[in-house]
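Below is one structure, written out as C-alpha cells, with a few remarks after it.
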Amino acid sequence: MGMTMTQKILAAHAALPAVEAGQLIEADLDLVLGNDITSPVAIKEMEKMKVEGVFDKDKIALVPDHFVPNKDIKSAEHCKCVREFARRNEITNYFEVGEMGIEHALLPEKGLTVAGDVIIGADSHTCTYGALGAFSTGVGSTDMAAGMATGKAWFKVPAAIRFNIVGKPARWVSGKDVILHIIGMIGVDGALYKSMEFVGEGIRNLSMDDRFTIANMAIEAGGKNGIFPVDDLAIAYMKEHSERPYTIYEADADAVYDAEYTIDLSRLRPTIAFPHLPENTRTIDEITEDIPIDQVVIGSCTNGRIDDMRIAAQVLKGRHVAPGIRCIVIPATQSIYLRAMEEGLLKTFIEAGAVVSTPTCGPCLGGYMGILAEGERCVSTTNRNFVGRMGHVKSEIYLASPAVAAASAITGRISGPDQLKAV
Amino acid sequence: MKAAKGTVFKYGDNVDTDVIIPARYLNSSDPAELAGHCMEDIDRDFIKKVKKGDIIVADKNFGCGSSREHAPIAIKAAGVSCVIAQTFARIFYRNAINIGLPIIECPEASKGIEAGDEVSVDFDSGVIRNITKGTQFKGQAFPEFMQRIIAAEGLVNYINQK
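Going down the list, the sequences are from chains A and B.
Take the first sequence: its letters are residues 1 to 423, numbered as in my numbering.
Take the second sequence: its letters are residues 1001 to 1162, numbered as in my numbering.
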C-alpha cells in the first residue's frame, strides 16, 4: 500500500520501511519547540525525569512570544524560568526580546525548519512548517519535556485528506481565504487526527506566506498537520534562510486518502469566520447586514508576515482608520518589522491612524495589547474566534485576511477592499 | 486509578481550551490556581459545584484549540475523575494521557448521559454505567501502548521506568 507524504516522513524518522494509518510509532525529532506559556510546565516536568540534560542543545528552540515584553510579574517569572533553563542547558536557539518573533514566523525565517523534518512544538500552531514540506505538529508541555529529554516522540500515524488546489486566486484573495474556505467546508473537526495534504497545480499560485497561513490553520480543522509538496519556491525559501540539508518526500501514486476535495482558487472570495467558531464562514458577498466593529488586529502567527504587512499597507495607503476604531498592527518578527520599516509600510500604518507593536502573540489569545470589552467586536487576522478568546466572554471576533481587516478598519464595519472608495 | 464515580457536568460540541482555562490565567502554571478558573468562560458555576470524583461528559471535539496542557491540568486539579466525549481534539487527547487524566471516547454514552446523572467508569473494561438511568455503555479502551503510559500515571514516570 502506498504512503502519503506525511507517512513517508514518519516512516523515515521511525527507521521503518513503511507505516500505515493507525500504527503507533516512535520517531526521532529534528526540532522541539516551546514558548513562554508552555515551556515552564515542560521544564518542571523534565526536572522530574531521570535524565542528565537535553538530548541536543541545537535541536531545541525556546521562543518567549506570548506575553513578552513581559506583561506582568507572573509572566516575567515564566520568562525568567525559560531564560535560565536555556542558559543552564546552553540552548543554541533561545530568542530573547529584541531577537524574538512570533515562533511560527520566526523559526522558518531562522532556517530551523526544512523539508523532511519531524518537528514537535508545545503550541498548537506548530503545524505551520508543513508549508515547507516538514511534518510538524502541536503537542503539550509533557510531550515537549519528553522530546527535549529523549529526542523522540510517539505518534499515531495519521490517515489523510487530500486537497487538490487548482486555479489562480483573484486580487485580494489570499491564503487566509483558502484555509477559512476549507474549514467552513469540512468543519472544526473535519480533519480530526488526520493529515491535510495539499497538492495540485494551483499551489504555484500561492506565495510561501500564503502556504504558511494555510498550514498554520490546519489545527483549526482538527488536523494533526498540514503539508505541501516541495516545489521551486519552497526550495528557494529554504536556500535563502537555511544552511541545513533538506529532504524531499513525495506521496506514492497509490497513497490512500480518506477523502479528497478540489479547491478552485479562482472561485474563492474574501472569506470571514463569524463568532464563535472558525467554521462559521461566509464570503464577503454573503454578508448583507451592517456589522459595526470596535477593533482590528493585523498580525499573529497566521498573518503577521511581510506579505500580510504589504497587503494591509496597500489597503490603508492614503486612507484613514475610521473614528473610534483601534487598528493594531503587529509584524510577527524583528526582521519583518525592519523590512516593513524599510519599505515604508510602518509609515503608511501610522499615517492611517493604526498603531504598530513589537512582535507578540498578545491580543490573539486575549493576553494583552488589545483586549476586548463586553459587547465589543474585532475583525482579526488571527486564527481563533472562540468565546472569550480576545477578552470578555461577550465580545466577538471575526476572522479574516489582512485585506478585509484593513478595509474594515477604514469603514468601521466589516468590509472588503473592493467596497472602499478609490483614493 | 482503576475506576471513577461521580456526578456529571454535561457540555456540547467543540468545548475549546480557551473556555476550559482562559489565556488570561496562563501567566500561572500552578494546578490549584488553574483549577480555580476551570471552565470559567463556559460555566461560571462549575468550580463552585464540582466535587472530587465528578465526571465531565461532552459531545464532539472536546478540548479543541490551543495546546495548553493547563487545560487537562485544570480539569484534573478541580477533582474531575474522568472526561467522556464523543471525540476529543488530538492535542487534548495526548495531553490528558500524558498527565494521567482518564478520558474515554464513547458517542453512545455522551448521548445517553445528562447533567446531574450519577455515572461510574471502569477503566480496565471501558464500561460506563449510568447509575441514575440504569443504562450501560462500552467505551473505547486505550491501546496497550497508551495503557502503559496511564498505568505509570503519566509520560514522565513511564520514561523514568524505561
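No residue lacks a Cβ here, since even glycine has one placed at the ideal position from N, Cα and C.
Fair warning: this is a prediction, and the values are worked out from it, not measured in the lab.
Same chain, Cβ closer than 6 Å to residue i, five either side skipped, listed in chain order
i, result
"Asn1067/B", "Residue identity differs from the one stated: residue 1067/B is Ser in this sequence, not Asn. Only Ile1091 meet the Cβ criterion."
"Tyr94/A", "Leu62, Ala86"
"Pro359/A", "Gly101, Ile102, Ala332, Thr333"
"Lys71/A", "Tyr368"
"Asp117/A", "Asp30, Ala134"
"Ser242/A", "Gly111, Val114"
"Ala409/A", "Val296, Val321, Ile325, Cys327"
"Ala145/A", "Ala42, Glu45, Met46"
"Ala149/A", "Met46, Met49, Val51"
"Val178/A", "Ile214"
N- and C-terminal bounds of the alpha helix (DSSP H) containing residue i
i, result
"Cys81/A", "73-88"
"Arg1094/B", "1090-1099"
"Asn448/A", "Residue 448/A cannot be examined here, being either before or after the span of chain A that is shown, 1 to 423."
"Gly367/A", "Segment: none, Gly367/A is in no alpha helix (DSSP H) and carries neither H nor E."
"Ala1151/B", "1144-1151"
"Thr411/A", "402-411"
"Lys1076/B", "1070-1077"
"Ser1067/B", "Looking at the DSSP string, Ser1067/B is not in any alpha helix (DSSP H), and its letter there is neither H nor E."
"Gln7/A", "5-13"
"Ala373/A", "No alpha helix (DSSP H) contains Ala373/A, which DSSP labels as neither H nor E."
First and last residue of the uninterrupted beta strand (DSSP E) at residue i
i, result
"Asn1027/B", "Run containing Asn1027/B: none; DSSP gives neither H nor E here."
"Met196/A", "195-199"
"Asp264/A", "259-264"
"Arg1129/B", "1127-1130"
"Asn1157/B", "Per DSSP, Asn1157/B belongs to no beta strand (DSSP E); it is in the alpha helix (DSSP H), 1155-1161."
"Leu399/A", "396-399"
"Asp1018/B", "Looking at the DSSP string, Asp1018/B is not in any beta strand (DSSP E); the run it does join, the alpha helix (DSSP H), is 1017-1020."
"Glu103/A", "Note, Glu103/A: premise wrong, no beta strand (DSSP E); alpha helix (DSSP H) at 103-109."
"Lys1002/B", "No beta strand (DSSP E) holds Lys1002/B; DSSP gives it neither H nor E."
"Ala1058/B", "1055-1058"
"Ala1085/B", "1082-1085"
"Ser1110/B", "Unbroken run through Ser1110/B is the alpha helix (DSSP H), 1107-1112; no beta strand (DSSP E)."
"Phe1137/B", "1135-1138"
"Glu1118/B", "1118-1122"
"Val379/A", "377-380"
Close beta carbons around residue i, own chain, < 8 Å, minus the five adjacent residues each side
i, result
"Glu1069/B", "Asn1095, Asn1098, Ile1099"
"Lys1051/B", "Gly1006, Thr1007, Gly1079"
"Ala1032/B", "Ala1077"
"Asn1130/B", "Ala1109, Gly1112, Ile1113, Asp1117, Glu1118, Val1119, Gln1136, Phe1137"
"Gly1012/B", "Ala1058, Asp1059"
"Lys1002/B", "Asp1122, Phe1123, Asp1124"
Own chain partners of residue i with C-beta closer than 7 Å, once the 5 adjacent residues on each side are dropped
i, result
"Val157/A", "Gln7, Leu10, Val19, Glu20, Ala21, Gly22, Gln23, Ile25"
"Ser1028/B", "Leu1034"
"Gly1116/B", "Thr1007, Val1008"
"Val393/A", "Val387"
"Asp56/A", "Gly151"
"Phe1142/B", "Ile1150"
"Gly200/A", "Asn164, Ile165, Val166"
"Met238/A", "Val114, Ala115, Leu132, Tyr246"
Residue i CB to nearest heavy atom of the ligand SAM below 8 Å
i, result
"Tyr337/A", "The model depicted lacks the ligand SAM and carries no ligand whatsoever."
Counting only Cβ-Cβ distances shorter than 9 Å, please list the residues of the stretch 113-134 of chain A near chain D, keeping chain order. The question asks about chain D, but that chain is absent: this structure's protein chains are A and B.
Give the residues from the stretch 1018-1029 of chain B that approach chain A closer than 7 Å (Cβ to any Cβ), ordered along the chain. Here the close residues are Asp1018, Val1019, Pro1022, Ala1023, Arg1024, Leu1026, Asn1027, Ser1028, Ser1029.
Segment contact flag, the stretch 34-46 of chain A with the stretch 113-123 of chain A, C-beta cutoff 8 Å, min 3 pairs: Taking 8 Å as the limit for Cβ pairs, the verdict is that the stretch 113-123 of chain A does touch the stretch 34-46 of chain A.
When Cβ atoms are compared, which residues of the stretch 184-200 of chain A fall closer than 7 Å to chain B? If the cut-off is 7 Å between Cβ atoms, the stretch 184-200 of chain A has Val188, Asp189, Leu192, Tyr193 near chain B.
For the 8 Å Cβ check, are there 3 or more pairs between the stretch 1100-1119 of chain B and the stretch 1052-1065 of chain B? The stretch 1100-1119 of chain B is in contact with the stretch 1052-1065 of chain B.
Given a limit of 7 Å on CB to CB distance, which residues of the stretch 1071-1103 of chain B reach chain A? Among the residues of the stretch 1071-1103 of chain B, those with a Cβ less than 7 Å away from any Cβ of chain A are Thr1087, Ala1089, Arg1090, Ile1091, Arg1094, Asn1095, Asn1098, Ile1099, in the order of the chain.
Would you say the stretch 1098-1113 of chain B touches the stretch 1071-1081 of chain B, given that touching needs at least three Cβ pairs under 8 Å? Touching, yes.
What are the start and end residues of each continuous alpha helix (DSSP H) run of 4 or more residues lying completely inside the stretch 29-65 of chain A, in chain order? Qualifying alpha helix (DSSP H) stretches, in chain order: 39-48.
Quick check on the DSSP output: what are the complete alpha helix (DSSP H) runs of length 4 or more inside the stretch 283-356 of chain A, in order along the chain? The DSSP assignment places 300-303, 306-316, 334-342, 345-351 as complete runs of the alpha helix (DSSP H) inside the stretch 283-356 of chain A, in order along the chain (cut-off: 4 residues).
Between the stretch 348-358 of chain A and the stretch 312-327 of chain A, do three or more beta carbon pairs fall short of 8 Å? Contact holds: three or more Cβ-Cβ distances are below 8 Å.
Three or more C-beta pairs under 8 Å: does that hold for the stretch 397-410 of chain A against the stretch 370-387 of chain A? Under the Cβ criterion (8 Å, minimum of three pairs), the stretch 397-410 of chain A counts as touching the stretch 370-387 of chain A.
Interfacial residues, the stretch 382-410 of chain A to chain B, with Cβ spacing under 8 Å: The residues in question are Arg384, Phe386, Val387, Gly388, Arg389, Val393.
Taking Cβ-Cβ distances below 8 Å as the criterion, which residues of the stretch 1042-1064 of chain B are in contact with chain A? Of all residues in the stretch 1042-1064 of chain B, Ile1042, Lys1060, Asn1061, Cys1064 have a Cβ within less than 8 Å of some Cβ in chain A.
Touching or not, the stretch 71-82 of chain A and the stretch 104-120 of chain A, by the rule of three or more beta carbon pairs under 8 Å? Using a C-beta cut-off of 8 Å, the stretch 71-82 of chain A makes no contact with the stretch 104-120 of chain A, since fewer than three inter-stretch Cβ pairs fall below that distance.
Cβ-based contacts, 7 Å cut-off: residues of the stretch 346-370 of chain A near chain B: Cβ contacts with chain B come from Leu365, Gly366, Gly367.
Whole alpha helix (DSSP H) elements within the stretch 114-191 of chain A, 4-residue minimum: Listed in chain order, the complete alpha helix (DSSP H) runs (minimum 4 residues) inside the stretch 114-191 of chain A are 141-150, 175-186.
Looking at chain B, which residues of the stretch 63-78 of chain A have a Cβ within less than 7 Å of any of its Cβ atoms? Here the close residues are Phe67, Asp72, Lys74, Ser75, His78.
With a floor of 4 residues, list each alpha helix (DSSP H) that falls wholly inside the stretch 219-270 of chain A, ordered by position along the chain. If only complete runs of 4 or more residues are kept, the stretch 219-270 of chain A shows the alpha helix (DSSP H) at 232-241, in order along the chain.
Inter-stretch contact at 8 Å, needing at least 3 Cβ pairs: the stretch 254-274 of chain A / the stretch 337-349 of chain A: They do not touch, by the three-pair rule.
Determine which residues of the stretch 243-260 of chain A have a Cβ less than 7 Å from any Cβ of chain B, and write them out in chain order. Hits within the stretch: zero.
Would the stretch 138-153 of chain A and the stretch 162-169 of chain A be scored as touching if the rule is three or more Cβ pairs under 8 Å? Remark: fewer than three beta-carbon pairs, one from each stretch, lie closer than 8 Å, so the stretch 138-153 of chain A and the stretch 162-169 of chain A are not flagged as touching.
For the stretch 170-179 of chain A against the stretch 230-244 of chain A, are there 3 or more C-beta pairs whose distance is under 8 Å? Not touching, per the Cβ criterion.
Given a limit of 8 Å on CB to CB distance, which residues of the stretch 262-293 of chain A reach chain B? Here the close residues are Leu277.
Check distances from the C-beta atoms of the stretch 14-36 of chain A to those of chain B and list, in chain order, the residues that come in under 7 Å. So the list reads Leu24, given in the order they occur along the chain.
Just by C-beta distance, which residues in the stretch 37-59 of chain A are closer than 9 Å to chain B? With the criterion set as a beta carbon lying under 9 Å from some beta carbon of chain B, the members of the stretch 37-59 of chain A are Ile37, Thr38, Pro40, Val41, Ala42, Lys44, Glu45, Met46, Lys48, Met49, Lys50, Val51, in sequence order.
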